[in-house]
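**Q** Residue numbers (the numbering used here): 84 to 336. Ideal Cβ positions, reconstructed from N, Cα and C, are used throughout, including at glycine. None of the values given here were measured: they were computed from a predicted structure. Provided herewith is a single structure, encoded as structure tokens, for subsequent inquiry.
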């Protein structure tokens, strides 16, 4: 008896049909499993796309305002605020960058309409945005610094303000612009700072002054405006003073 007589039309080189049909079945199963995942990805990607576009528009507005000689119009600010809020709302999960951007736009509110009735609410909303941002991105020093600024704007120099100062210094030491802004914040709030907070301020100013003569002069001018040239010059090392020609002797330029 031949193989063909036992197995019908099949030969040794031809597998049974039930084996050959396993591939289409596996493909169907993979499709069934992948389809829901694909739908979920699509549902998430569309809001993420809209959120990203809205947030980028808000960032462009912030950059423009930063380089402008005057604050934006109220209409432009409102439009940018709506975009920043939309980005936060559309993001599938909390996004630290979007929240930080929203807080920054809110801080422009009092400059846009200084006599507006919602200034305090804008400051509180900005504080909340920065607070949520550092929860999502606890290692990003700029959001900690902005949280400290928001706290100062509300005259809330409490434990949270202290934490924000310390985290800014710990995470951002050596970033020139951040050190400069941290020093400026500390100088402006000097009379309300404790000894440790003043030390953080002077350390940031010293790091900034050590970078270049331009930064050193900027730090000296900031300190002088606040009547703090003497503490600044005492905090600078002799090498920095000599290199940057910033302080001849204690407290003098």
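Quick one, which of 246, 189, 208 has its alpha-carbon nearest residue 145's?
**A** 189
**Q** I need the DSSP call for residue 327, collapsed to helix, strand or coil.
**A** helix
**Q** Short check: CB of residue 218 to CB of residue 255, under 9 Å?
**A** no
**Q** Could you name each continuous beta strand (DSSP E) segment of 3 residues or more that falls completely within the segment 134-195, going from the start of the chain to the end?
**A** none
**Q** Tell me, to the nearest whole angstrom, how far the beta carbon of residue 318 is from that of residue 271; I am working on the premise that it is less than 8 Å.
**A** Their Cβ separation, rounded to whole angstroms, is 17 Å, which puts residue 318 and residue 271 out of contact at 8 Å.
**Q** Measure the C-alpha to C-alpha separation of residue 316 and residue 224 and round it to an integer number of angstroms.
**A** 26 Å
**Q** What three-state label does DSSP hand residue 238 in the structure shown?
**A** coil
**Q** Is residue 308 buried or exposed, if buried means 16 or more other CB atoms sit within 10 Å of its CB?
**A** exposed
**Q** Determine the contact status of residue 248 and residue 266, defining contact as a CB-CB distance below 9 Å.
**A** no
**Q** From what residue to what residue does the alpha helix (DSSP H) around residue 298 run?
**A** 296-308
**Q** For residue 141, collect the residues of the same chain with a Cβ closer than 7 Å to its Cβ; drop the 5 residues on either side in sequence, then sort them by chain order.
**A** 163, 166, 167, 170, 184, 188
**Q** Do residue 287 and residue 293 have their C-beta atoms within less than 9 Å of each other?
**A** At a Cβ-Cβ threshold of 9 Å, residue 287 and residue 293 do not count as neighbours.
**Q** Considering residue 311, what are the terminal residues of the alpha helix (DSSP H) in which it resides?
**A** Looking at the DSSP string, residue 311 is not in any alpha helix (DSSP H), and its letter there is neither H nor E.
**Q** Could you check the C-alpha separation between residue 336 and residue 329 for me, to the nearest Å?
**A** Residue confidence is low: residue 336 scores 46 on pLDDT, short of 50, so the model does not pin down where it sits. Its coordinate-derived value is still stated next. It is roughly 6 Å from the alpha-carbon of residue 336 to the alpha-carbon of residue 329.
**Q** Among 238, 229, 220, which has the Cα closest to the Cα of residue 176?
**A** 220
**Q** Put residue 249 into one of helix, strand or coil per three-state DSSP.
**A** helix
**Q** Should residue 85 go down as buried or exposed, given a rule of 16 or more other Cβ atoms within 10 Å for buried?
**A** The predicted position of residue 85 is uncertain, since its pLDDT is 45 and thus under 50; a value taken from the coordinates is nonetheless stated next. Exposed: under 16 other Cβ atoms inside 10 Å.
**Q** Can you find the residues in the same chain that come closer than 6 Å, C-beta to C-beta, to residue 192, ignoring five residues on each side of it along the sequence?
**A** 205
**Q** Looking at the unbroken alpha helix (DSSP H) that takes in residue 319, where does it start and where does it end?
**A** Neither: residue 319 is in no alpha helix (DSSP H) and is coded neither H nor E.
**Q** Could you pull out every residue in the same chain whose Cβ sits closer than 7 Å to the Cβ of residue 264, ignoring the five residues on either side in sequence?
**A** 228
**Q** How many angstroms separate the CA atom of residue 297 from the CA atom of residue 262?
**A** 14 Å
**Q** Would you mind sorting residue 250 into buried or exposed? The rule is 16 or more other CB atoms within 10 Å of its CB.
**A** buried
**Q** Given this structure, state the Cα-to-Cα distance separating residue 196 from residue 324, to the nearest angstrom.
**A** Taking the straight line from one Cα to the other gives about 42 Å.
**Q** Going by other Cβ atoms of all chains shown within 10 Å of its Cβ, with 16 needed for buried, is residue 208 buried or exposed?
**A** buried
**Q** Quick check on residue 268: does DSSP put it in helix, strand or coil?
**A** helix
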